[in-house]
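Asks:
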Amino acid sequence: MIVYRSQERVAQTASLLAEIRNSDDARDRLIRFGELEAGVIDALMPDRDGDSPLIQPLRTAAIAIARGDQPAAALDTLHLPNEIRISVPEGYAFYALYPESYQAAARQFAGAGYPKNVCVIGIRSIGTSLSTVVAASLEESGFTTRSWTVRPHGHPFDRRLALTPELERTWRRCASTHAFAIVDEGPGLSGSSFIAVASKLRELGVSEQRIALFPSWEGNPASFVNERARTEWPRYRKFCAPFQRSWIGAGALTDLSAGEWRRLVYSNPSEWPAVQPQHEARKYLDEDGTLYKFAGLGPYGREKWIRACLLSEAGFGPRVYGLRNGFLERQFVRARPVNPKAADASLLDAIARYASYRNRLFPGTRSVDFDSMLHMIEVNSRESGMPVDPALQRQRAPFENRPAAAVDGRMMPHEWLATAGGWMKADAVDHCCDHFFPGFADIAWDLAAARVEFRLTPAQSTYLLSRYAAASRDRIPPALMKFYETAYVAFRIGYANMAANNLKGTADGDRFRAMEAELSNQIHPWQASQ
Numbered sequence: 409m410i411v412y413r414s415q416e417r418v419a420q421t422a423s424l425l426a427e428i429r430n431s432d433d434a435r436d437r438l439i440r441f442g443e444l445e446a447g448v449i450d451a452l453m454p455d456r457d458g459d460s461p462l463i464q465p466l467r468t469a470a471i472a473i474a475r476g477d478q479p480a481a482a483l484d485t486l487h488l489p490n491e492i493r494i495s496v497p498e499g500y501a502f503y504a505l506y507p508e509s510y511q512a513a514a515r516q517f518a519g520a521g522y523p524k525n526v527c528v529i530g531i532r533s534i535g536t537s538l539s540t541v542v543a544a545s546l547e548e549s550g551f552t553t554r555s556w557t558v559r560p561h562g563h564p565f566d567r568r569l570a571l572t573p574e575l576e577r578t579w580r581r582c583a584s585t586h587a588f589a590i591v592d593e594g595p596g597l598s599g600s601s602f603i604a605v606a607s608k609l610r611e612l613g614v615s616e617q618r619i620a621l622f623p624s625w626e627g628n629p630a631s632f633v634n635e636r637a638r639t640e641w642p643r644y645r646k647f648c649a650p651f652q653r654s655w656i657g658a659g660a661l662t663d664l665s666a667g668e669w670r671r672l673v674y675s676n677p678s679e680w681p682a683v684q685p686q687h688e689a690r691k692y693l694d695e696d697g698t699l700y701k702f703a704g705l706g707p708y709g710r711e712k713w714i715r716a717c718l719l720s721e722a723g724f725g726p727r728v729y730g731l732r733n734g735f736l737e738r739q740f741v742r743a744r745p746v747n748p749k750a751a752d753a754s755l756l757d758a759i760a761r762y763a764s765y766r767n768r769l770f771p772g773t774r775s776v777d778f779d780s781m782l783h784m785i786e787v788n789s790r791e792s793g794m795p796v797d798p799a800l801q802r803q804r805a806p807f808e809n810r811p812a813a814a815v816d817g818r819m820m821p822h823e824w825l826a827t828a829g830g831w832m833k834a835d836a837v838d839h840c841c842d843h844f845f846p847g848f849a850d851i852a853w854d855l856a857a858a859r860v861e862f863r864l865t866p867a868q869s870t871y872l873l874s875r876y877a878a879a880s881r882d883r884i885p886p887a888l889m890k891f892y893e894t895a896y897v898a899f900r901i902g903y904a905n906m907a908a909n910n911l912k913g914t915a916d917g918d919r920f921r922a923m924e925a926e927l928s929n930q931i932h933p934w935q936a937s938q
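Note that this note's numbering has the sequence shown beginning at 409, numbered continuously upward.
1) Does the structure place the stretch 731–749 close enough to the stretch 689–698 that three or more beta carbon pairs sit under 8 Å?
2) Spatial neighbours of H561 within its chain, please: CB distance less than 7 Å, with the 5 preceding and 5 following residues excluded, ordered by chain position.
3) With DSSP as the reference, label H563 as helix, strand or coil.
4) Just list the residues that DSSP pairs K833 with in beta bridges.
5) Cα separation between A637 and A604?
6) Roughly how many angstroms separate the alpha carbons of L462 and R653, rounded to a whole number?
7) Quick one, which of A658, D854, G706 has its alpha-carbon nearest Y692's?
8) Of the residues V633, W655, E626, P650, which one's Cα is nearest the Cα of R643?
9) Mind checking whether G706 and I439 have CB atoms under 7 Å apart?
10) Can you find the residues in the same chain that come closer than 6 Å, C-beta to C-beta, to Y500, ignoring five residues on each side of it along the sequence?
11) Measure from the alpha carbon of R475 to the alpha carbon of each residue in R429, N788, I494, L546, then state which is nearest.
12) In angstroms, rounded to a whole number, what distance separates the CA positions of P465 and L612?
13) Could you have a look at F647 and say whether DSSP puts it in helix, strand or coil?
14) Give a yes or no on whether the C-beta atoms belonging to Y876 and A763 are separated by under 7 Å.
15) Give me whichever residues DSSP pairs with Y692 in a beta bridge.
16) Give me the Cα-Cα distance between W641 and I619, rounded to the nearest whole angstrom.
17) Could you tell me which residues DSSP puts in a beta bridge with R738?
18) If we define contact as Cβ-Cβ less than 7 Å, is V558 a contact residue for chain D?
19) Take the Cβ of Q938 as the centre, count every other Cβ of all protein chains shown within 10 Å, and call the residue buried at 16 or more, exposed below.
20) What did DSSP end up calling Q617 once you bin it into helix, strand or coil?
21) Could you pull the start and end residues of the beta strand (DSSP E) that T773 belongs to?
22) Can you give me the C-alpha to C-alpha distance between G772 and A812, rounded to a whole angstrom?
23) Assign L483 to one of three DSSP states: helix, strand, or coil.
24) Once DSSP output is grouped into helix, strand and coil, what is the label at T894?
25) Does the pairing of the stretch 549–556 with the stretch 425–439 give three or more beta-carbon distances under 8 Å?
26) Jot down the residue ranges of each uninterrupted alpha helix (DSSP H) in the stretch 436–519, minimum 4 residues, whole runs only, in chain order.
27) Note down, in chain order, each residue of its chain lying with its Cβ closer than 6 Å to the Cβ of L927, except the 5 sequence neighbours on either side.
28) Since V558 contacts Y510 with CB under 8 Å, what's their CB separation in whole angstroms?
29) According to DSSP, is L612 helix, strand or coil?
30) Return the chain-ordered list of same chain residues with a C-beta closer than 7 Å to the C-beta of P933, the five sequence neighbours on each side being excluded.
31) Which full runs of the alpha helix (DSSP H) of 4+ residues lie inside the stretch 753–820, going along the chain?
32) Name the two residues that bound the continuous alpha helix (DSSP H) containing T639.
33) In the structure shown, what three-state DSSP assignment does N910 receive?
What follows is the structure, encoded as structure tokens:
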């Protein structure tokens, strides 16, 4: 099943450097320079990792930035690529991963009896900046460091590391004199990126006792899908520091993460919508009714804060109080989510106005092209046993000729709240820029999603589209709407299948399995009518 989309983008190196220099926030500079450094090294070393006249000056500058310094002017003399491909550092953007955690982990390492000479190896992409934090912290503790970044290649569940002979010789020479710190986010489902680097070090003569892993959490090797990682992960000592609630602020907080918010808005667990805990942002509620939801560090949080403010001013979202330390602070609206079967004319009018507003206020560049969207439809349909209509191919021109916007991406009934002031959308700022389909897309995606999620009748669907057209003066071709309905159902089936497999044996796993079956039944009647 396909549910994730590529988050790589092409960036101008000179523009990135200018943004870094113009930033007055040390954490922002760290994140942005890590993106730049990873992109440059990926361009220089696409197949195997090593050294070059550009790499070590970049590392030196990156570690200086991790100490809080501005980028060195000497960077202007380096012949960097004009364009690079960079990807979103997911931990900073989605998962409340703080560089400060790695400072704390480095302090743990410093007191653990390792040699005073350390080779620090970051795994690109986010490990690029995280490794500079570890290196800078160790140097402050009196250690001497050497540092590189690497990118293991291959299947996501079975990564392998390829090095130039020169870098292999360097690491082999350090094997008996240095400790080796491997730094990255994760481990993910497989743990294979960490283990790819550790296995290469073992191959070069480094003992297990000299290898330390710096993950974002300890991980459960029994759950890894990679057999080698299941066996080797326990062999290495890990250094990681947990998320600190103090980063949000003082005061008592109720944790509403991982679906816990459902306890506040539903009287019976039988009513709970399905939730994949790993994909929910951290969120906390204080005693005064302020909700703190992680929006992202650096530029990622600011983008969402601006969107949240505009939606609030337009009456579509809760009141916004601020953005602090990556957390969006806003009013927690105590209202019962709408019943899926209660899509009356007033709600359909609100959805139409909301879609029109987003399409007008949040334009952008399309995240997924037609071929990628069609491929997702074909793969998910085939794997779920659904036929694929060849007529979908004919929607290429209509698809490409329409504008894109920051779509909502989550038009589920439980995210619409009936308040005294009218209908409000509870979660509306970040799903257009997460790592799932569709990203920035035709607003037809949201309208198709509403049709599917609310199980709208043909008459209700016609009413919704007519109200949208009246509000926006944008008429979506009926055949293109059918395309997006098919795309949305295919994506949601893929997501439900993935979540059900990951959560097997839990109540939410059962909910997602039921959702998968119900969505499969939804699409068949339409296909049969073609």
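All C-beta atoms in this analysis are idealised placements derived from N, C-alpha and C, irrespective of residue type, glycine included.
Replies: This is what the structure holds:
1) yes
2) Within the sequence shown, numbered from 1, the residue matching residue 561 stands at position 153. Excluding positions up to five away in sequence, the list reads R567, R568, A570.
3) Stepping through the sequence shown from its first residue, residue 563 is reached at position 155. DSSP places H563 in coil when its eight states are reduced to three.
4) In the sequence shown, counting from the first residue as 1, residue 833 sits at position 425. DSSP lists W824 as partners of K833.
5) The residue given as residue 637 occupies position 229 in the sequence shown. The residue given as residue 604 occupies position 196 in the sequence shown. Approximately 9 Å between the Cα atoms of the pair.
6) For the purposes of this step, residue 462 is taken as residue 54 along the sequence shown, with counting starting at 1. For the purposes of this step, residue 653 is taken as residue 245 along the sequence shown, with counting starting at 1. Looking at the two C-alpha atoms, the distance is approximately 39 Å.
7) Residue mapping note: residue 692 aligns to position 284 of the sequence shown, counting from 1. Residue A658 is the option with its Cα nearest to Y692.
8) In the sequence shown, the residue the question calls residue 643 occupies position 235. Nearest option by C-alpha distance: E626.
9) Counted from its first residue, the sequence shown places residue 706 at position 298. Counted from its first residue, the sequence shown places residue 439 at position 31. Yes. Within cutoff.
10) What you label residue 500 is simply residue 92 of the sequence shown in a count that begins at 1. For Y500, where only same-chain residues beyond five positions count, the Cβ hits under 6 Å are I439, L705.
11) The count along the sequence shown starts at 1 and reaches residue 475 at position 67. If we check each option's Cα against that of R475, L546 comes out closest.
12) Numbered from its first residue, the sequence shown carries residue 465 at position 57. Numbered from its first residue, the sequence shown carries residue 612 at position 204. Approximately 25 Å, taken between the alpha carbons.
13) Here residue 647 refers to the residue found at position 239 when the sequence shown is read from its first residue. Coil.
14) Residue numbering aside, residue 876 sits at position 468 when the sequence shown is read from its first letter. Residue numbering aside, residue 763 sits at position 355 when the sequence shown is read from its first letter. Cβ distance < 7 Å, so Y876 and A763 count as in contact.
15) Stepping through the sequence shown from its first residue, residue 692 is reached at position 284. BP columns for Y692 point to D663, Y700.
16) As a working mapping, residue 641 is identified with position 233 in the sequence shown. As a working mapping, residue 619 is identified with position 211 in the sequence shown. Distance between the alpha carbons of W641 and I619 is about 11 Å.
17) As a working note, residue 738 is residue 330 in the sequence shown. Answer by DSSP bridge pairing, in chain order: L699, V728.
18) Absent from the structure: chain D. Only one protein chain is present.
19) For this step, residue 938 is matched to residue 530 along the sequence shown. A caution first: Q938 carries a pLDDT of 41, below 50, which makes its placement in the model unreliable, though a value can still be read off. Flag for Q938 reads exposed.
20) The sequence position of residue 617 within the sequence shown is 209, counting from 1. Residue state, collapsed to three classes: helix.
21) For the purposes of this step, residue 773 is taken as residue 365 along the sequence shown, with counting starting at 1. Neither: T773 is in no beta strand (DSSP E) and is coded neither H nor E.
22) Along the sequence shown, read from residue 1 onward, the residue named residue 772 stands at position 364. Along the sequence shown, read from residue 1 onward, the residue named residue 812 stands at position 404. Their backbone Cα atoms lie some 6 Å apart in a straight line.
23) Within the sequence shown, residue 483 is the residue found at index 75, counting from 1. It is helical.
24) For the purposes of this step, residue 894 is taken as residue 486 along the sequence shown, with counting starting at 1. In this structure, T894 counts as helix in the three-state DSSP scheme.
25) no
26) 463–474, 498–501, 507–518
27) Here residue 927 refers to the residue found at position 519 when the sequence shown is read from its first residue. These residues qualify, in order along the chain: V897, R900, I901.
28) Numbered from 1 along the sequence shown, position 150 holds the residue referred to as residue 558. Numbered from 1 along the sequence shown, position 102 holds the residue referred to as residue 510. Contact flag wrong, Cβ pair sits at about 17 Å.
29) Here residue 612 corresponds to residue number 204 of the sequence shown, with the count starting at 1. It is coil, neither helix nor strand.
30) Working through the sequence shown from its first residue, we reach residue 933 at position 525. For P933, the predicted structure reports a pLDDT of 43, less than 50, and the residue's modelled location is therefore unreliable. A value from the coordinates is still provided. Counting only Cβ-Cβ distances below 7 Å, and skipping sequence neighbours, we find nothing.
31) 753–769, 778–791, 804–808
32) As a first step, residue 639 must be located in the sequence shown, where it is residue number 231. Run containing T639: 635–640, per the alpha helix (DSSP H) assignment.
33) Looking up residue 910 in the sequence shown gives position 502. Residue state, collapsed to three classes: helix.
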